[in-house]
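A.B. asks:
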Amino acid sequence: MATTTSIAVTVNGTERSAQVEPRMLLVHFLRDELGLTGPHIGCDTSHCGACTILLNGVPIKSCTMFAVQADGQSITTVEGLTRNGDLHPVQDAFKEDHGLQCGYCTPGMMLAGAALLASNSDPSETEIRMAISGNLCRCTGYQNIVKAIQRASRAMAGNGAPERGKTEGGEA
Amino acid sequence: MITGQELGGLGCSVKRKEDARFIRGQGKYVDDVQLPNMTYLHLVRSPFAHARIERIDTSAALEIPGVLAVITGEDLAKANLSWMPTLSHDQQMVLATGKVLFQGQEVAAVVGETRFAAADGAAAVRVDYEELPVLIDPHQALEPEAPILREDREEQTNHIFHWESGDREATDRIFSEADVTISQDMLYQRCHPAPIECCACVADWDATNEKMTIWMTSQAPHAHRTVFALVAGLPEHKIRIISPDVGGGFGNKVPVYPGYVCAAVASLTLGRPVKWTEDRTGNLSSTGFARDYHMRADLAATKEGEIRALRVKTLADHGAFNAAAQPSKFPAGLYNICTGSYDLENAFVEVDGVYTNKAPGGIAYRCSFRVTEAAYLIERAVDVLADELGMDAAELRRKNFIQPDQFPYETSLGWTYDSGDYEAALDRALEIVGYEDLLREQEEKRARGEIMGIGISSFTEIVGAGPGKTFDILGLEMFDSCEVRVHPTGKVLARIGVQTQGQGHETTFAQILAEELGIPVADITVEHGDTDTAPYGLGTYASRSTPVAGAATAIAARKIRDKAKKIAAHVMEVAEEDVEWKDYAFRVKGAPDRSVSMADVAFAAYTNTPQGVEAGLEAVNYYDPPNLTFPFGTYVCVVDVDKGTGEWKVRRFVAVDDCGTVINPMIVEGQIHGGLTEGFAISAMQLIDFDENGSIIGSNFMEYLLPTAVETPTWETDQTVTPSPHHPIGAKGVGESPCVGSPAAFVNAVVDALSPFGVRHIDMPITSYKVWKALREAGVAD
Ligand code: FES
Ligand code: FES
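Protein chains in written order, with the working numbering: chain A, 19 to 190; chain B, 78 to 859.
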């Protein structure tokens, strides 16, 4: 076995330490070592954004970073968007506005959206489109993703919040 | 009384059931499957497009710590597995023996304890090649001096098949006497569906029970199980294919790929689970490409603009193996739908397939088997004719549409269209977009030297294959299935033979059942994708889920209703003839207040069965459609062109679709947004290209461009509803219409913009550079 390095990372609020090979990508660490299935892998060139996570609150592509580089830092994955069982407004809105189909780009998209709203509570459509331009989606054509982020922005401002548990048919 | 809205029945925008897991990151995709003792497989690929393999040296790889095995084509040959059948009467190498035929071809497979060990091992496999002359141009493939690519075939030629449809002589006759004819060469370029999730599998051989379980990114798990049984000789009941959540398919995940076979062989050999996950380069360079149709379209018309005949000649580049995923009697798929929405006197189509040193495929990329090529061809050709005649493109279409009273309409190439009202869709689209105003604006702009274009596409699609006697995949008739169980408390479990890759089957199929059974969507679970539990089906592609499995679902529910009616009569103590199903309940005729719900009946089916009626409430249906369905629509695209850069921007895009009865308007709209975006991508940027050495240009997302949210236009959607008369709920299918119908609208718009400068056609993808070049040649580029 190759030599390993020990790292300690805060993931979704919990301190996790591990021995990793220096060449292990952060996305593989999160998926294979920590068993988180939220970050996905869709390319080899840092283009698709399926692996997007928040590093100290900033969206980054976790395939573009080694796990050892995350030592001592704080990571949020989609699993960490839900707080005490409550969905983040972005999660509610993606469902409400049909902002996802196959769901593969969805965790990355929602994190990019959540990060945008954390720094800009009322983004324009252009700002939203720019903010998710590092995330590719093959299914939705982006239009409903944009709509969902707009809805989440309204919900976070306290008006037009999606009513929890009142979605037709499906289980929220 | 419960309403359809409360149930979440047909026509309701029910929020998707599957989203609950996806928005929490709890979707279960193949790469999320982790098994104890799992190993990893990495493929060694050919750097050359055509080369003889002189030697494969695996010794260095085997010395790397953690490498467990290296498999080569020679190893597979011993088990008779170095070749596998394709879906198109051809065979394909699993791992290369003798020579490689395209860049990126699978040459060896390395299994390691970790991803790293497997990848290190693959890098250490040494292969000596002797390069051979490369054949990239399909036209050259037929020249006498062209190298013969496929040494394994009896016929030593690069020609694969000739296929034709229609009456050549009658068509030629019309052309020889026609007032006006046009002829246009056009290339529907090679492109790739590129779902964001690449292909992957986990093969797990259980030696004790002699059972092989394969989690697999599969659009057709049952068909794949049968293929594995036939090719590997494993008993079919000892194979279980599970296609869990799939991150997009678009046709890419229909074929069986070498990675799957290697993983299964490796698991059998090692007795451990083996995971193979493809990287993006592998995905784009070796798995199912689409299109690559080199087409010529001729139209004959009267000078008044009555289109009389269509003649089509096509060269189809199939790459190294004919691995086109399509019904086996249709080498060019349903390409002869190319007469489109028009009432023609006659037509003739011929296609020749050839081998080249490119990846195999020819899959139906968001398309029902070459329908995309066909729709593009006719909608482009009609615009060329309009230009020739100096006629308005909308007017020319309107003049030639098949009229509503002509349905069922038999085309000169043999299809029977089920229903349509083409003019209604065109009118609606023109009205929404404000066509007359746009024409005026264009005239004014042209006078000022500004460039804008309007493009129309009035497409007709053909989806939902079967019937099984005409359509089969490797002999398997293209029916589809649904099995429904109503539990004693009135809750439902349904399993379907098709499989979703994002289309929302767990929701829409529950809606069909809700409508038919009067049970709320929330009380219905729909499962699919596991061959040990789901009824046999042919899978999801070619927009066949709703037309075929959707019909099976409605029929299975109606079978349940038939039986339930007997039980309802027993419960209400009336004769069966006095009971009717109305407003989602069984009611006594003439006394509608006396009623029992399906849930009441379900309880009785297990607790209080009448004499002579079997207990339980279940049904299964294998539906063989009597005909295909023919969705249609009109799309209008408005573009502005920058004279300085050649950049074209979509200002408006109006899509009026008619997919018959709509199950879930929200999901239909989402499908249309997605399909339009792919159509836009194809017309603007998607291209798998090759240099003269056969090296692929487009093997990653730096070269193979996909639109982001910034480039993607905003879509305006609307609909007309013309139900299919032969489908139990009148639905036609929609997933592919927008990708089939839209490329012509984009191209027609850009060409219309450039038409004052004598431009009649530009091949896709229409890059800014191509437009700028055309403007410069015309002397108008800034
Ligand atoms: S996996 Fe594609 S950007 Fe990270
Ligand atoms: S929902 Fe499938 S890639 Fe975005």
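We put the beta carbon where it would ideally sit given N, CA and C, even for glycine.
On the DSSP letters alone, give me the boundaries of the beta strand (DSSP E) that B/Y700 sits inside.
C.D. replies: Residue 700 of chain B sits at position 623 when you count from the first residue of the second sequence. Run containing B/Y700: E695 to Y700, per the beta strand (DSSP E) assignment.
A.B. asks: How about B/A201 and B/A137: do their beta carbons lie closer than 7 Å?
C.D. replies: Numbered from 1 along the second sequence, position 124 holds the residue referred to as residue 201 of chain B. Numbered from 1 along the second sequence, position 60 holds the residue referred to as residue 137 of chain B. Cβ atoms of B/A201 and B/A137: closer than 7 Å.
A.B. asks: Is it buried or exposed, A/E114, if we count other Cβ atoms within 10 angstroms and call 16 or more buried?
C.D. replies: If you number the first sequence from 1, residue 114 of chain A lands on position 96. By the neighbour-count rule (16 or more Cβ atoms within 10 Å), A/E114 is buried.
A.B. asks: With a 10 Å radius around its C-beta and 16 neighbouring C-beta atoms as the bar for buried, classify B/K380 as buried or exposed.
C.D. replies: The residue given as residue 380 of chain B occupies position 303 in the second sequence. The residue in question, B/K380, is exposed, as its Cβ has fewer than 16 Cβ neighbours within 10 Å.
A.B. asks: Quick one: measure Cβ to Cβ for B/V338 and B/L158, integer angstroms, because I've assumed they're closer than 8 Å.
C.D. replies: As a position in the second sequence, residue 338 of chain B is number 261, starting the count at 1. As a position in the second sequence, residue 158 of chain B is number 81, starting the count at 1. Distance from B/V338 to B/L158 at the Cβ level is roughly 7 Å; contact confirmed, criterion being Cβ atoms closer than 8 Å.
A.B. asks: How would you call A/R182, buried or exposed, if buried means at least 16 neighbouring beta carbons within 10 angstroms?
C.D. replies: Counting from 1 along the first sequence, the entry for residue 182 of chain A is found at position 164. Note that A/R182 has pLDDT 40, beneath the 50 cutoff, so the model's placement of it is unreliable and the number below is only indicative. Burial call: exposed.
A.B. asks: Would you kindly work out how many angstroms separate the C-alpha atoms of B/A409 and B/V428, rounded to a whole number?
C.D. replies: As a position in the second sequence, residue 409 of chain B is number 332, starting the count at 1. As a position in the second sequence, residue 428 of chain B is number 351, starting the count at 1. As the crow flies, the alpha-carbon of B/A409 is around 7 Å from that of B/V428.
A.B. asks: Flag this pair as yes or no: are the beta carbons of B/L590 and B/A571 separated by less than 7 Å?
C.D. replies: The residue given as residue 590 of chain B occupies position 513 in the second sequence. The residue given as residue 571 of chain B occupies position 494 in the second sequence. Contact flag set, yes.
A.B. asks: Using a beta-carbon distance below 7 Å, is A/D104 in contact with chain B?
C.D. replies: For the purposes of this step, residue 104 of chain A is taken as residue 86 along the first sequence, with counting starting at 1. No, because no Cβ of chain B sits closer than 7 Å to the Cβ of A/D104.
A.B. asks: How about the stretch 247-257 of chain B and the stretch 266-273 of chain B: do they share at least three Cβ pairs that are nearer than 8 Å?
C.D. replies: The stretch 247-257 of chain B is not in contact with the stretch 266-273 of chain B.
A.B. asks: Just the C-alpha distance for B/E131 and B/I773, rounded to the nearest angstrom, thanks.
C.D. replies: Residue 131 of chain B sits at position 54 when you count from the first residue of the second sequence. Residue 773 of chain B sits at position 696 when you count from the first residue of the second sequence. Distance between the alpha carbons of B/E131 and B/I773: 23 Å.
A.B. asks: Around the Cβ of A/I146, are there at least 16 other Cβ atoms within 10 angstroms (buried) or fewer (exposed)?
C.D. replies: Position 128 of the first sequence holds residue 146 of chain A. With a threshold of 16 other beta carbon atoms within 10 Å, A/I146 meets it and is buried.
A.B. asks: Quick check: does the Cβ of A/G67 come within less than 6 Å of any heavy atom belonging to ligand 1?
C.D. replies: Reading the first sequence from its first residue, position 49 is the one you call residue 67 of chain A. Result yes, Cβ under 6 Å from ligand 1.
A.B. asks: Could you check where the beta strand (DSSP E) with A/L72 kicks off and where it finishes?
C.D. replies: Position 54 of the first sequence, counting from 1, holds the residue named residue 72 of chain A. That run of the beta strand (DSSP E) goes T70 to L73.
A.B. asks: Going by beta-carbon coordinates alone, are B/G545 and B/M555 separated by less than 7 Å?
C.D. replies: As a working mapping, residue 545 of chain B is identified with position 468 in the second sequence. As a working mapping, residue 555 of chain B is identified with position 478 in the second sequence. Against a cut-off of 7 Å, the Cβ pair of B/M555 and B/G545 comes out as a contact.
A.B. asks: With 9 Å as the C-beta to C-beta threshold (strictly closer), list the residues of the stretch 149-171 of chain A near chain B in chain order.
C.D. replies: A149, I150, S151, G152, N153, L154, C155, R156, C157, T158, G159, Y160, Q161, N162, I163 and V164
A.B. asks: Using a beta-carbon distance cut-off of less than 8 Å, what residues from the stretch 123-147 of chain A approach chain B?
C.D. replies: C123, T124, P125, M128, I146 and R147
A.B. asks: Is it buried or exposed, B/G417, if we count other Cβ atoms within 10 angstroms and call 16 or more buried?
C.D. replies: One-based indexing of the second sequence puts residue 417 of chain B at position 340. That one is buried.
A.B. asks: Anything in chain B within Cβ reach of A/F112, meaning under 9 Å, just list it in chain order.
C.D. replies: Stepping through the first sequence from its first residue, residue 112 of chain A is reached at position 94. Residues of chain B passing the Cβ test: D96, F99 and I100.
A.B. asks: Is there at least one Cβ from chain A nearer than 7 Å to B/V787's Cβ?
C.D. replies: In the second sequence, counting from the first residue as 1, residue 787 of chain B sits at position 710. Yes, B/V787 lies at the interface with chain A (some Cβ there is under 7 Å from its Cβ).
A.B. asks: Determine, using beta-carbon pairs with one atom in the stretch 139-158 of chain B and one in the stretch 368-378 of chain B, whether at least three such pairs fall under 8 Å.
C.D. replies: no
A.B. asks: Any chance you could list the beta strand (DSSP E) runs of at least 3 consecutive residues sitting entirely within the stretch 84-123 of chain B, in chain order?
C.D. replies: Within the stretch 84-123 of chain B, the complete beta strand (DSSP E) runs of at least 3 residues are 116-122.
A.B. asks: Give me, in chain order, the residues of the same chain whose beta-carbon lies closer than 6 Å to that of B/H119; leave out the 5 immediate sequence neighbours on both sides.
C.D. replies: Residue 119 of chain B sits at position 42 when you count from the first residue of the second sequence. Within the same chain, and ignoring the five residues on either side of B/H119 in sequence, the residues whose Cβ sits closer than 6 Å to its Cβ are V187, A195, A196 and A199.
A.B. asks: Taking the continuous alpha helix (DSSP H) assigned at B/Y370, which residues delimit it?
C.D. replies: Counting from 1 along the second sequence, the entry for residue 370 of chain B is found at position 293. Segment Y370 to A378 is the beta strand (DSSP E) holding B/Y370; no alpha helix (DSSP H) there.
A.B. asks: Quick one: what does DSSP say B/V323 is sitting in, helix, strand or coil?
C.D. replies: Translated into positions along the second sequence, residue 323 of chain B becomes position 246. Here DSSP, grouped into helix, strand and coil, assigns B/V323 to coil.
A.B. asks: To the nearest angstrom, how far is it from the Cα of B/L145 to the Cα of B/T391?
C.D. replies: In the second sequence, the residue the question calls residue 145 of chain B occupies position 68. In the second sequence, the residue the question calls residue 391 of chain B occupies position 314. For B/L145 and B/T391, the distance between alpha carbons rounds to 48 Å.
A.B. asks: I need the straight-line Cα distance from B/S320 to B/P805, nearest angstrom please.
C.D. replies: Counting from one through the second sequence, the residue named residue 320 of chain B turns up at place 243. Counting from one through the second sequence, the residue named residue 805 of chain B turns up at place 728. Distance between the alpha carbons of B/S320 and B/P805 is about 28 Å.
A.B. asks: Would the C-beta of A/I59 count as close to ligand 1, meaning under 6 Å from any of its heavy atoms?
C.D. replies: Translated into positions along the first sequence, residue 59 of chain A becomes position 41. At least one heavy atom of ligand 1 is nearer than 6 Å to the Cβ of A/I59, so yes.
A.B. asks: Could you tell me the alpha carbon to alpha carbon distance between A/G98 and B/D609, rounded to whole angstroms?
C.D. replies: For this step, residue 98 of chain A is matched to residue 80 along the first sequence. For this step, residue 609 of chain B is matched to residue 532 along the second sequence. Going by the C-alpha atoms only, they are around 35 Å apart.
A.B. asks: Pull up the distance between the alpha-carbon of B/L84 and that of B/F327, whole angstroms please.
C.D. replies: Looking up residue 84 of chain B in the second sequence gives position 7. Looking up residue 327 of chain B in the second sequence gives position 250. So the two alpha carbons sit approximately 31 Å from each other.
A.B. asks: Ligand 2 and B/T577: does any heavy atom of the ligand fall closer than 6 Å to the residue's C-beta?
C.D. replies: In the second sequence, the residue the question calls residue 577 of chain B occupies position 500. Flag unset: Cβ of B/T577 not near ligand 2.
A.B. asks: Within 10 angstroms of its Cβ, does B/A851 collect 16 or more other Cβ (buried), or is it exposed?
C.D. replies: The sequence position of residue 851 of chain B within the second sequence is 774, counting from 1. B/A851 is buried by the Cβ-count criterion.
A.B. asks: Three-state secondary structure (DSSP) at B/M170?
C.D. replies: On the second sequence, residue 170 of chain B is found 93 positions in, with the first residue counted as 1. Looking at B/M170 - three-state DSSP - the assignment turns out to be strand.
A.B. asks: My output table needs one value for A/G98: the three-state DSSP class, helix, strand or coil.
C.D. replies: If you number the first sequence from 1, residue 98 of chain A lands on position 80. It is helical.
A.B. asks: Comparing the CB of A/C155 with every heavy atom of ligand 1, is any distance shorter than 6 Å?
C.D. replies: Position 137 of the first sequence holds residue 155 of chain A. Answer for A/C155: no, Cβ out of range of ligand 1.
A.B. asks: Can you pull out the residues from the stretch 105-123 of chain B whose beta carbon lies closer than 9 Å to at least one beta carbon of chain C?
C.D. replies: Among the chains of the structure shown, chain C does not appear; the protein chains present are A and B.
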